[in-house]
Every structure is written in C-alpha cells, then in structure tokens.
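Numbering (this note's numbering), first residue to last: 16 to 506. All C-beta atoms in this analysis are idealised placements derived from N, C-alpha and C, irrespective of residue type, glycine included. Computed from a predicted structure; not experimentally measured. Below is one structure; the comments refer to it alone.
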C-alpha cells in the first residue's frame, strides 16, 4: 500500500507539513523549527524507498499513480518516475533537510513562515519531477514560483523586492508560451498524457514552434545565455537557503524539461536546432567564465559559476550521445551538491561578518581552519578536480562532445581553466594570507550544526566523485530509450 502512493506522499507530506508549520505562528519559533525538521527528515525518508525499490533495468515509469482529476478535459493526476526523475527527487529531499538545519539560528523573523515556504516548495518541486500529465506538471511548475518569490521578497537583502519581481516575471512570462504548446499538444493527442505526446507524429514547422515555445520556459529556468540576468540578482538578494534551493534544484527543472519534453516530443526540431543550443551552451561556458572572474561579491561569483556549469548540462543534452546526456544528468546532481555547499559556506561567513564582498575578507583560515578545509573541498569540486563529483559529469560531457566535434570539446574544456581561475582566486583572497582586519580576527570556527550539514555535502561530493556507478546505473536505461526516441524521425 505504501509503495503504491509513495510519490503522492513525497509531494503532499511537505506541503501539508509546511501548512502545519505556518500555523504555529510567530510566537512559537522553537516549535516551528522542530516540526519543520521532522517533516523534512520524514520526506527524505519517504523518498528513500524510491531508490531501494527502483528497477534500473527498464526505462518504463515506476511507482505510477493515475487518477481522474478534471474529466471534462481529460486532465489526470498521473505520476511516475524514471532514473532521471529519481535522482532529482532525492536531491530535492536531501537539500531541503540541509536548508532547514542551516536556518536554525540564522532566521529570527517570521520563522514559521520561512520554514513553511521551503517545505511547501519542496513538495511542489518533487511534483514537477514526477508529473506525467501536462497540466499537472504546469501547475506544479508555476506554483513553485510563489514560495521562492516570498522567500526572496521577505527575507532577502536590500534590493530584495527588485530581485523577487525580476525573478518572478522572467520565469512566469517564460512559461506562458509553454502553456500554449501544452494546449496545442492536447488538441493533437486528445489528452494531456506526456508519454502519449512522445509518440505524436508532428510536422517540421509544428515541431520547431513547439520546441521554441518550450525553450522560452526551460532556457529561462536553466538559465541559458542571454536570459540569465535574473539569476545573479536573485542569488545576491536571496537568503542563504533561497540561494541553495535556487542553485541546487530550481535550475535543474529547466534542464529536466528539455529531457522530458523537448527532446522526445520534437526530435527533428531538436536535431535541427542543436547547433543553436550548442552555441548558447558554449557561450555560457566561456563568456560567463570570464564574467565570473571579475566579480567582487561572493554570491554573485558563485551565481555566474552556476550559469557556466549549467552550460555543460545543455551542451551534453544536445550532442545526442549517451556520454553527453548521462554526463549532463550527473553534472546536474553534482552541481546541486557543490553549488549548494558553496552558498552555505558563503552563508556561514555572512552570518559572522555581514558582508559578501571579497575585499572584506582575508586570512579566514587562521581563525576558521575546519571551515577552510570544507570550503577547499567544495572549491576544488567546483573546478572539476578528479575524485570529486565535479569531475565526473564534466569529463563525460567533454568525452561525448569530442566524438561530435573536437572544437566543442576544446571550448567546453576551457571551463576547467576558467573554473579554476575564478574559484581558486576567490578562495585565495578570502581564506589564505594574513588576517585582514579586526572582524576576521574575531571569527570563530563552525559549530556542530554547521559542521553537520557541510560534512553531509562533503560525503556526497566525494562519494559521487570516487564511486559514480550507482548514480550512472540509474540513468542508463532511461538515456538509451531517450536516444532511441530522438533518433527516430517523426516527419
């Protein structure tokens, strides 16, 4: 009985739990913290049977649920996951626990609402990754914007309202054309069943138009160059937890959309426009790497680094081979670990110094050696050091790109140079050297709570880097099936 409804439980447990946390009110912050942590841990535990009970030998959707919702329009509450969805769901539930723990002492105003927003958003994001009905997917996709809008707008920095509105408008308007495409597919197939859309025979022009309509939503969410400008503002102004979820999960929703919708529904258009997608991806990798080099704000530097690393993901998807697509998927998960960890590290420093400017730091290792060790690991993972998760995805994408075009591989490989340049230069200025000022001299090393969530991410980064096979095995069957779908012309 449990396994039959585990996806619904993973979606609705954090949503209902979030509502319960919000109901505790402003005056019962300790209760809100305890309850939110219990709900987050329970949700993570609920998602674990998805891994233990998953059959990696088939591409078929598993743990399926299918119920009538709006019969007049054949809209159904249809859920299911494959290996790609599974990894993203596990990443979501894992990251949410860490965000709740990281906010334990930091958030002192409207604590219950803050924690409730993250729990509700967790359920909606999990819904995105397992929805198999187009309208259900769209509802989860759009509803997820509201909690993040509130998180940035209420608990963000000085320019939080501007950043929140920009985030909402970019992502909401980008999704309008996606809704038009979903409605067109409904009239072509007679249902909102996403898997049925994969079998549709569409002409060249409809495929191109649908691809471009979906592209407006997914490219903004990734974000791809040149529609990336909302992300640095959102990251800089968002509280630490908001930045972690933005980087670790939300960016992956756009990449997931390309895999679930664009490639299988419009394979011919995907091939025809692959050069365009590869160009945008390479610009993100190379140009944004240069932009990251000149940043003086810690969060903004990591935000631009995220854009460059997500360029690897989209590059891998549109070179149409197994190494590229699997590398892109692994890069998504690795980036979730590494970028989330880096934003948490910035949060640790900001909580003590109340500044994100690199020039205000220096010599942190003299006062916080344990923290400096953790941050060194995450910085090296961000550069793609072998033995860390950052290496696996990038290596596979470069390997796949080399089979298609040696210049794609060469340009993609430059991220190893640029990534090392801006990440290690940032680390040097912040962590090494003499103690820069009295504020740095007064720093205290991380406590047990901070060490706990940083250690959890360190284990994840090293485990994926040293032994990536369990992650790759989950995706093989789904990727092979996707490549078969993309290789079959529908014209």
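Next on the checklist: Counting C-beta neighbours from all protein chains within 10 Å, is the total for residue 97 16 or more, i.e. buried, or is it exposed?
Outcome noted: buried
Next on the checklist: According to DSSP, simplified to helix, strand and coil, what is residue 43?
Outcome noted: coil
Item to check | Cut-off 8 Å between Cβ atoms - residues of its own chain near residue 442, not counting five sequence neighbours on either side | outcome: 390, 391 and 394
Item to check | Exposed unless 16 or more other CB atoms sit within 10 angstroms - verdict on residue 562 | outcome: With the chain represented from 16 up to 506, any question about residue 562 goes unanswered, as that position is not in the structure.
Item to check | Limits of the unbroken alpha helix (DSSP H) element including residue 484 | outcome: Residue range 484 to 502 is occupied by the alpha helix (DSSP H) that includes residue 484.
Next on the checklist: For a test of the three-state rule: what should DSSP assign to residue 157, helix, strand or coil?
Outcome noted: helix
Checklist entry - With DSSP run on the structure shown, which of helix, strand or coil describes residue 230? => result Residue 230: helix per DSSP, three-state reduction.
Checklist entry - Straight-line CA distance for residue 494 to residue 209? => result 17 Å
Item to check | Delimiting residues of the alpha helix (DSSP H) encompassing residue 454 | outcome: 453 to 456
Item to check | Segments assigned alpha helix (DSSP H), at least 4 residues, entirely inside the region 413 to 474 | outcome: 421 to 446 and 453 to 456
Item to check | Beta carbon of residue 402 nearer than 8 Å to that of residue 409 | outcome: no
Item to check | Secondary structure of residue 246, DSSP reduced to three states | outcome: helix
Next on the checklist: Using 8 Å for Cβ pairs, my map puts residue 207 next to residue 149. What's the rounded Cβ distance?
Outcome noted: 4 Å
Checklist entry - Per the contact definition of three or more C-beta pairs closer than 8 Å, is the region 423 to 430 in contact with the region 356 to 370? => result no
Next on the checklist: Extract the residue ranges of the beta strand (DSSP E) inside the region 116 to 144, only unbroken runs of 3 or more that lie entirely within it.
Outcome noted: none
Checklist entry - With a Cβ-Cβ cutoff of 8 Å, do residue 296 and residue 261 count as a contact? => result no
Next on the checklist: Between 177, 164, 25 and 115, which has its C-alpha nearest residue 103's C-alpha?
Outcome noted: 25
Item to check | Outcome for residue 453 when other beta-carbon atoms lying within 10 angstroms are tallied against a minimum of 16 | outcome: exposed
Checklist entry - Where does residue 252 land, buried or exposed, given buried means 16+ other C-beta within 10 angstroms? => result Under this definition residue 252 is a buried residue.
Item to check | Within-8 Å CB hit, residue 113 to chain C | outcome: The structure shown contains no chain C; it is built from a single protein chain.
Checklist entry - Roughly how many whole angstroms lie between the Cα atoms of residue 82 and residue 89? => result Going by C-alpha positions, residue 82 is about 11 Å away from residue 89.
Item to check | Neighbourhood of residue 491 by C-beta, 6 Å cutoff - its chain only, sequence neighbours within 5 removed | outcome: none
Next on the checklist: Suppose contacts are defined by Cβ-Cβ distances below 8 Å. Is residue 164 in contact with residue 146 by that definition?
Outcome noted: Going by C-beta atoms, residue 164 is not nearer than 8 Å to residue 146.
Checklist entry - Can you name, in chain order, every residue of its own chain whose Cβ lies under 6 Å from the Cβ of residue 189, other than the five neighbours on each side? => result 231, 232 and 235
Checklist entry - Going along the chain, which residues of its own chain have a beta-carbon closer than 8 Å to the beta-carbon of residue 501, five neighbours each way excluded? => result 278, 279, 282, 285, 286 and 335
Checklist entry - Does the pairing of the region 51 to 60 with the region 28 to 43 give three or more beta-carbon distances under 8 Å? => result yes
Checklist entry - So the alpha helix (DSSP H) residue 78 belongs to, where does it begin and stop? => result Membership of residue 78 in any alpha helix (DSSP H) is not indicated; the residue belongs instead to the beta strand (DSSP E) covering 77 to 85.
Checklist entry - Using DSSP with H/G/I as helix, E/B as strand and the rest coil, what is residue 93? => result strand
Checklist entry - Secondary structure at residue 16, three-state DSSP: helix, strand or coil? => result Since pLDDT at residue 16 reaches only 48, below the 50 mark, its modelled position is unreliable, and the value read off the structure follows with that caveat. Coil.
Next on the checklist: Bridge partners for residue 146 per DSSP, in chain order?
Outcome noted: Answer is 94.
Checklist entry - CB-CB under 8 Å to residue 116, same chain, minus the five flanking residues each way: which ones, in chain order? => result 52, 464, 467 and 468
Checklist entry - Residues in its own chain within less than 7 Å of residue 70 by CB, not counting five upstream and five downstream? => result 77
Item to check | Local conformation of residue 338 per DSSP, three classes | outcome: helix
Checklist entry - Residue range of the alpha helix (DSSP H) that residue 8 falls in? => result Any answer about residue 8 is impossible in this case: the structure gives the chain only from 16 up to 506.
Item to check | With 16 other Cβ atoms within 10 Å as the buried cut-off, status of residue 45 | outcome: Exposed, by the Cβ-count rule.
Checklist entry - Among the residues of its own chain, which have a CB less than 8 Å from the CB of residue 16, if the five just before and after it don't count? => result Because the pLDDT at residue 16 is just 48, under 50, the model does not fix this residue reliably, and the point stays unresolved.
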